[in-house]
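Throughout, the numbering used here is defined as the position within the sequence shown, counted from one, plus 22.
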Amino acid sequence: MSRPLSCSDPKFNLFNGGLGCTVNGCGQYNKCLTVLNDKFIETTGCCRIKILEPNFVTVFVYMLIVPVIGIASLGALGGTSLQIIFLKGGIVKRPFLQTILNFDASISGDITACLMISAQIVNMVFIFLQNHPDVQERPVINYDIAIIYTLAIPVSLCLGSDLANFLPLLPLLSFQILFFIAISPVLIYYARRQNELEDLKDQNSDLAKETALLTMSQVQIQNQNEYTESQAKIYKQLYAEQCQRFPLVPILITLGNFVVNELLLLLRSSPYQYSPYFFPDGDINNKNRDKGPCEPWNFYMVLLLAGVNFLITSCVYFFMRKKELLKNTVNFYPNERYFTPIRRFFFVYLAGFLTGFVAGFVGMAAGLTMVVTMVQFKLIAAVAGATANYCYFLICIQVFTNFLVGASQSQGLGVGDQFFFYALGVIAVLVFTNYGYRLLQRYNIGHIIFYIDFAIVVLNIIGNIVWGIENGYRDGFRSLEQQPSTCGNYVLDN
């Protein structure tokens, strides 16, 4: 595998895959031209017009992406004023960038990374300012359960993406479609439950704070007068910690774990991503290259990654378990226990692991997986949505980091183009997401967001089918069945 091939035509200057193409085999906005690699070896490949080429279809699609992102951002569970963009990456990448604008998968991924990070940064600013719907002094994010999810996500995200990298396109698209079909009944089920609750709210004001996902009220805080002086002091200290807008310890744990995991992940190479430490400036022909995708080094890094995660998780578990035992002495929020007993911690960790694997393998639906599993641990929808946003933000950072370190290998998206897509993500969340949620609140029609999710799922299914047909047309049906770059053909290619 080598650095991106260069196109000589000044208009069609973006290499867009399709090596060994035929004259009519590259699809719209492309030409099959002679291209050169860093070894000055000539071959043919698909060359596309510029990313920001001002033609009618391109301008229309970019304008359409903004409301689509904004509306898709409503499609979690409507618990906070800004919600998870859990399908935003998928809804933009496959149906619009790959299918309509015919961008190669790598370029589409780069564009999606820019959209994701900018939109989620703005999203998190609003989330951090939100209050708990039942206790106004508390933040809406539940940092305790977020810690467990963020401990599990990095390693499972790595495993899921690695598995996807080694699968041929046809089974990968098929698995994604099966996943979408499987979650469709879940969305319809929640839509109906939300609709029923909205009807009950109109009849009974006592249900105003309940959600479609939790039909019993939260356990009330015990009266502090029942405590001894020492117990009251402990309770007051715990309550002050719970009311911190930016609690230092949980944030340091989640960010510290992310940094350690990301450093280890960047030490690895794969058939699609070289390590920035061992391939400076993307030069895979460096005479010091000894950490290639097919070296045992990468297997050792996976073992090290698993070992480090086990060590960090164990330390965090015993630290948080000790704190929860202290909470038990004053019966502080007894329904919020995630580290005791250990069985409960295991189930939460497993849910976080599933979230990361789904995000890595399917390439989307991380937010939906988190919210659905969090509400099963008795989080109300507003808290589940905000907490999932907090976890999803780390996924966005990880995706964006991979984009940045991969910039030396994928030079299709320039800095100026990047800021264009950053702006699209910001505008989408500021305008459409915020205003859309206000409309949902005003008219009490929150159940519609589940139907929005269902429509997004259908659109992704259509996008997968069309993209598979397009790839079969461009490279032949056999390309859909062939295993992508692996260590077997990697050695032969180099």
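Ideal Cβ positions, reconstructed from N, Cα and C, are used throughout, including at glycine.
Every value quoted in this text rests on a predicted model; they were computed, and no experiment measured them.
Assumed close pair residue i, residue j - CB separation to whole angstroms, cut-off 8 angstroms
i    : j    : result
F280 : I419 : 7 angstroms
N164 : T409 : 5 angstroms
I91  : G447 : 7 angstroms
L326 : L286 : 6 angstroms
V352 : Q198 : Rounded, the Cβ-Cβ distance is 48 angstroms, inconsistent with contact.
V338 : L222 : With 8 angstroms as the limit, V338 and L222 do not qualify as a contact, their Cβ atoms being about 40 angstroms apart.
L481 : P117 : 5 angstroms
S206 : V380 : The Cβ separation is near 15 angstroms, so there is no contact.
Q504 : P190 : 6 angstroms
I87  : G458 : About 16 angstroms; that fails the 8 angstroms criterion.
M392 : Y371 : Incorrect: roughly 13 angstroms between the Cβ atoms, too far for contact.
F425 : D132 : 5 angstroms
T80  : E492 : That pair is no contact at about 17 angstroms.
Terminal residues of the beta strand (DSSP E) in which residue i lies
i   : result
L58 : N52 to L58
G67 : E64 to R70
Alpha helix (DSSP H) segment containing residue i, residue limits
i    : result
T377 : I364 to F383
G447 : V437 to I449
G278 : L270 to L288
T134 : A127 to F150
D184 : Y165 to N187
C337 : P318 to T351
G389 : A388 to Q398
Y261 : E251 to Q264
Pair within 9 angstroms by beta-carbon distance, residue i and residue j
i    : j    : result
T134 : L119 : yes
F472 : Y261 : no
I73  : F125 : yes
A388 : I417 : yes
F383 : L209 : no
G378 : V177 : yes
V144 : L452 : yes
F443 : S140 : yes
R70  : C48  : yes
N283 : V324 : no
L599 : T65  : Missing from the structure shown is residue 599; the chain here goes from 23 to 516 and no further.
F341 : P89  : no
L55  : F34  : yes
V421 : P298 : no
G278 : Y296 : no
N411 : M146 : yes
E159 : C265 : yes
Q142 : A404 : no
I175 : F375 : yes
Reference residue i; option with closest CA among the options
i    : options                   : result
Q259 : F188, L137, K349 and G382 : K349
A373 : I169, E284, G39 and N153  : I169
Y51  : P32, C68 and E64          : C68
R10  : R343, F354, Y355 and A381 : This structure cannot speak to residue 10, because the chain is shown only from 23 to 516.
F399 : Y360, I364 and C413       : Y360
L200 : I483, F148 and C136       : I483
M138 : K53, F301 and K115        : K115
L195 : N486, V397, T362 and M85  : N486
L435 : V79, N46 and S128         : S128
W489 : S130, P356, V405 and N411 : S130
W319 : S291, K345 and T335       : S291
I402 : E75, E358 and F375        : E358
V45  : K53, G39 and N38          : K53
L562 : Q152, I334 and L58        : Nothing can be reported for residue 562, as the shown portion of the chain is limited to 23 through 516.
F441 : E218, F375 and C136       : C136
N456 : F300, K255, C29 and I149  : I149
F368 : K345, D439 and S336       : S336
F321 : Q264, D439, L181 and K255 : L181
D439 : N217, E75, A204 and T250  : E75
F202 : L502, E317, L390 and V397 : L390
A328 : F188, L179 and C29        : L179
P3   : L41, G39 and V57          : The requested residue 3 is not part of the displayed model; the chain covers only 23 to 516.
Proximity test, residue i beta-carbon vs the ligand MG heavy atom, cut-off 8 angstroms
i    : result
A404 : As for the ligand MG, it is missing from this structure, which has no ligand bound.
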